[in-house]
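Asks: In the UniProt record's numbering, the protein residues as written are 1 to 649. Backbone N, C-alpha and C define an ideal beta-carbon position, used for all residues, glycine too. Below you'll find the structure I mean.
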């Protein structure tokens, strides 16, 4: 059947009573063998030539969210499921059983859910795994298999070790990656019911980079070759000369101790070199945008200039100031990184030193902020009693003195707070703590989209050399960034509600997208002479700002917004929309999809609303006026509104 210029080759009826979350062709099968993972916990293998299911695996105990394959292993594939287990399948085995490759529950407790995984296309021995929480894990499959084989041989030979329980993952077989600011932000996110979960991971075409779409936050790119540690502020007195820096490599300039920053004036020319006339114009345009308080435009212009002037401390310092003014999620950490880069290039950069202390304070590293401010006063005594310095000192000391007993305990075990707080209900093994504390930081961050509603939202590399990054969004659009500058270059409307999936064609310049709509859209470049594309979002900065507000909104409001109801301050009218607009269109009946049959209680202003589940897992919410009973025609749903006077509080 033709649809436009495209041909539907085959239609296969797959016996899945629930959502199919992942579909993969097995390599070297001639696009004949298809593997699916679904919400019914099953993994199916289908032969498209005979339109039959040839294998069915029932080993998982919760929803299967992602399937991964490897080019050099045509009979093998892997699955990630919400039971926290990564399984490996070999279709040559007659047992029809899968093998537990990684059991995350042994490290993160029973609440962990595996959400996504990917195999490195250049070295198929490496498997990336994403789960709930901010950490993404990279495993060496070969090391795991060799370790298991050695354990089995020891058992068969009657060899005993000092430990009754052998480690299922050997030391050195796993590496962790995390955006440096996220672990310490977790308590705040938890208090606001904001969930961090890696919804998609994928490798660059050359296998040297790992891209992560972090649900509840931004998109992150990790460099697997030139790794860098999350920032830790070290003063000279804490890091004696000759002692290695605590967090490893210092080539990125993110964790240089103060002793390394006190360079002679003769060594700072690289940070003060003159810009070319063209870059001077770009810098001036960025400064003008900053003056107009157009922070995102200023950041993008500074980033463009930095691509050609990577040793200009002034550009890093200016971009840090723009990040600090914009205040999107993660901006203060990017500002901190820029301040450190500016200082490494020009140790005499006064503003970068002061902004560094302010960033530490905003990132809740209050004690470190005070140490950094004291260090600033020592380097620049003429600024020691300036209004800005005194104001920051006052803020820091107020924060220190206002700490409760709980926060004092927090400070005493700051390492535990940084890396372990998201698993508060579970004890964490020592091996897991070590891996989290030695995790690697990101290379680039991409902002503007929103990923809070679905846990399958993808991000991907796009272009002949993967020079662009694309991601779906809860606003029905998909976003395109330049990989190296991180600048947002295009937003396209891809769905009426949410764009979840984006997959590039392996050899042609096509991008396939899908979401809630029952269609898959194919995109390719169009000649500039053609008519305007009606799906282009013109106000990119406004759309990105609206998404940042959406990510920080109340979870119930976000759900209603994604269902098409306007919430004051989060509507498509943007930040300039009047708060006095009539909001009656948001007062209609609402439909709540549920995953399980539970009774929910939602507080709405002064009313309490009891919602009873229907047979097919849907709930209806009706406008509140008085105390009623709402019978439905088919499923006999009863809804009550109860006032405070009813005594249920």
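If you follow the alpha helix (DSSP H) that residue 305 is part of, which residue opens it and which one closes it?
Replies: Taking the chain shown and counting its residues from 1, the one referred to as residue 305 is at position 305. Counting along the chain, the alpha helix (DSSP H) containing residue 305 begins and ends at 295 to 308.
Asks: Assign residue 149 to one of two classes, buried (16 or more other C-beta atoms within 10 Å of its C-beta) or exposed (fewer than that).
Replies: Locating residue 149 in the chain shown gives position 149, where the first residue counts as 1. Exposed: under 16 other Cβ atoms inside 10 Å.
Asks: Who are residue 24's beta bridge partners in DSSP?
Replies: For the purposes of this step, residue 24 is taken as residue 24 along the chain shown, with counting starting at 1. According to DSSP, which records beta bridges pairwise, residue 24 is partnered with 35.
Asks: If you follow the alpha helix (DSSP H) that residue 104 is in, where does it begin and where does it stop?
Replies: Residue 104 sits at position 104 when you count from the first residue of the chain shown. Here residue 104 belongs to no alpha helix (DSSP H), and DSSP marks it neither H nor E.
Asks: In angstroms with no decimal places, state the Cα-to-Cα distance between residue 361 and residue 328.
Replies: For this step, residue 361 is matched to residue 361 along the chain shown. For this step, residue 328 is matched to residue 328 along the chain shown. The alpha-carbon atoms of residue 361 and residue 328 are separated by roughly 16 angstroms.
Asks: Please say whether residue 66 and residue 79 have beta carbons closer to each other than 9 angstroms?
Replies: Mapped onto the chain shown, residue 79 falls at position 79. Mapped onto the chain shown, residue 66 falls at position 66. The answer is yes: Cβ separation under 9 angstroms.
Asks: To the nearest angstrom, how far is it from the Cα of residue 32 to the Cα of residue 443?
Replies: On the chain shown, residue 32 is found 32 positions in, with the first residue counted as 1. On the chain shown, residue 443 is found 443 positions in, with the first residue counted as 1. Cα to Cα, residue 32 sits roughly 38 angstroms from residue 443.
Asks: Quick one: what's got a C-beta closer than 6 angstroms to residue 431's C-beta in the same chain, skipping five residues either side?
Replies: The sequence position of residue 431 within the chain shown is 431, counting from 1. Closer than 6 angstroms at Cβ, skipping near neighbours: no residue.
Asks: According to DSSP, is residue 45 helix, strand or coil?
Replies: Here the question's residue 45 lines up with position 45 in the chain shown. If DSSP states are grouped into helix, strand and coil, residue 45 belongs with the strands.
Asks: Can you name the residues that DSSP bridges to residue 80?
Replies: Position 80 of the chain shown holds residue 80. Looking at the DSSP assignment, residue 80 forms a beta bridge with 66, 86.
Asks: Using beta-carbon positions only, say whether residue 318 and residue 354 come within less than 9 angstroms of one another.
Replies: Within the chain shown, numbered from 1, the residue matching residue 318 stands at position 318. Within the chain shown, numbered from 1, the residue matching residue 354 stands at position 354. No. Outside cutoff.
Asks: Go ahead and pull the three-state DSSP assignment for residue 116.
Replies: In the chain shown, residue 116 corresponds to position 116, counting from 1. Correct three-state label for residue 116: strand.
Asks: Please return the same chain residues whose Cβ sits closer than 7 angstroms to the Cβ of residue 122, not counting the five positions on each side in sequence.
Replies: Residue 122 sits at position 122 when you count from the first residue of the chain shown. Once the five neighbours on either side are set aside, the close Cβ partners of residue 122 are 206, 207.
Asks: Looking at the unbroken beta strand (DSSP E) that takes in residue 493, where does it start and where does it end?
Replies: One-based indexing of the chain shown puts residue 493 at position 493. Element bounds for residue 493: 488 to 493.
Asks: Helix, strand or coil for residue 401, going by three-state DSSP, please let me know.
Replies: On the chain shown, position 401 is the one that residue 401 refers to. The answer is helix: DSSP assigns residue 401 an H, G or I state.
Asks: Mind checking who residue 140 pairs with in its DSSP beta bridge?
Replies: Numbered from 1 along the chain shown, position 140 holds the residue referred to as residue 140. In the DSSP output, where bridge partners are listed per residue, residue 140 has 126.
Asks: When the Cα atoms are used, what is the spatial distance from residue 450 to residue 223?
Replies: Position 450 of the chain shown, counted from the start, is the residue given in the question as residue 450. Position 223 of the chain shown, counted from the start, is the residue given in the question as residue 223. So the alpha carbons of these two residues sit roughly 23 angstroms apart.
Asks: So, with DSSP's three-state summary, where would you put residue 540?
Replies: Taking the chain shown and counting its residues from 1, the one referred to as residue 540 is at position 540. Here residue 540 sits in helix by DSSP.
Asks: For the alpha helix (DSSP H) containing residue 290, name the first residue and the last one.
Replies: As a working note, residue 290 is residue 290 in the chain shown. Run containing residue 290: 277 to 291, per the alpha helix (DSSP H) assignment.
Asks: Threshold first: 3 residues or longer. Then list the beta strand (DSSP E) segments lying entirely within the region 430 to 486, N to C.
Replies: Counting whole runs of 3 or more residues, the region 430 to 486 contains the beta strand (DSSP E) stretches 444 to 446, 459 to 462, 468 to 472, 477 to 482.
Asks: Suppose the cutoff is 7 angstroms on Cβ atoms and the five residues either side in sequence are ignored; what does the same chain contact list for residue 95 look like?
Replies: The residue given as residue 95 occupies position 95 in the chain shown. Answer for residue 95: no residue qualifies.
Asks: Which of helix, strand or coil does DSSP assign to residue 58?
Replies: As a position in the chain shown, residue 58 is number 58, starting the count at 1. Coil.
Asks: Where are the beta strand (DSSP E) runs, 3 residues long or more, that stay fully inside the region 493 to 528, in chain order?
Replies: Qualifying beta strand (DSSP E) stretches, in chain order: 499 to 504, 511 to 515, 520 to 523.
Asks: Residue 10 to residue 48, Cα distance in whole Å?
Replies: For this step, residue 10 is matched to residue 10 along the chain shown. For this step, residue 48 is matched to residue 48 along the chain shown. Rounded to the nearest angstrom, the two C-alpha atoms are 8 angstroms apart.
Asks: Does DSSP put residue 231 in a helix, in a strand, or in coil?
Replies: Position 231 of the chain shown, counted from the start, is the residue given in the question as residue 231. Here residue 231 sits in coil by DSSP.
Asks: Enumerate in chain order the residues of its own chain whose CB-to-CB distance from residue 68 is below 6 angstroms, with the five nearest sequence positions on each side excluded.
Replies: By one-based count along the chain shown, residue 68 stands at place 68. Hits under 6 angstroms: 78, 117, 118, 119.
Asks: Roughly how many whole angstroms lie between the Cα atoms of residue 397 and residue 370?
Replies: The residue labelled residue 397 in the question sits at position 397 within the chain shown. The residue labelled residue 370 in the question sits at position 370 within the chain shown. Answer to the nearest angstrom: the Cα atoms are 8 angstroms apart.
Asks: For the beta strand (DSSP E) containing residue 215, name the first residue and the last one.
Replies: One-based indexing of the chain shown puts residue 215 at position 215. Segment 209 to 215, the beta strand (DSSP E) holding residue 215.
Asks: DSSP state of residue 181, grouped into three classes?
Replies: The sequence position of residue 181 within the chain shown is 181, counting from 1. Coil, per DSSP.
Asks: Please look up how many angstroms separate the CB atoms of residue 493 and residue 460, rounded, as I've assumed it's under 8 angstroms.
Replies: If you number the chain shown from 1, residue 493 lands on position 493. If you number the chain shown from 1, residue 460 lands on position 460. Residue 493 to residue 460, Cβ: 18 angstroms. No contact.
Asks: Does DSSP put residue 274 in a helix, in a strand, or in coil?
Replies: Counting from 1 along the chain shown, the entry for residue 274 is found at position 274. Coil, per DSSP.
Asks: From 314, 326, 438, 309, pick the residue whose C-alpha is nearest to that of residue 292; which is it?
Replies: On the chain shown, position 292 is the one that residue 292 refers to. Selected option, being the one with the closest Cα: 326.
Asks: What three-state label does DSSP hand residue 385 in the structure shown?
Replies: To locate residue 385, count along the chain shown from 1; it is residue 385. Correct three-state label for residue 385: coil.
Asks: Rounded C-beta distance between residue 211 and residue 201? I'm assuming under 8 angstroms.
Replies: In the chain shown, the residue the question calls residue 211 occupies position 211. In the chain shown, the residue the question calls residue 201 occupies position 201. With 8 angstroms as the limit, residue 211 and residue 201 qualify as a contact, their Cβ atoms being about 7 angstroms apart.
Asks: Considering only the alpha carbon of each residue, which of 129, 541, 195 lies closest to residue 87?
Replies: Numbered from 1 along the chain shown, position 87 holds the residue referred to as residue 87. For residue 87, the nearest C-alpha among the options comes from 129.
Asks: Spatial neighbours of residue 28 within its chain, please: CB distance less than 6 angstroms, with the 5 preceding and 5 following residues excluded, ordered by chain position.
Replies: Locating residue 28 in the chain shown gives position 28, counting from the first residue. Counting only Cβ-Cβ distances below 6 angstroms, and skipping sequence neighbours, we find 74.
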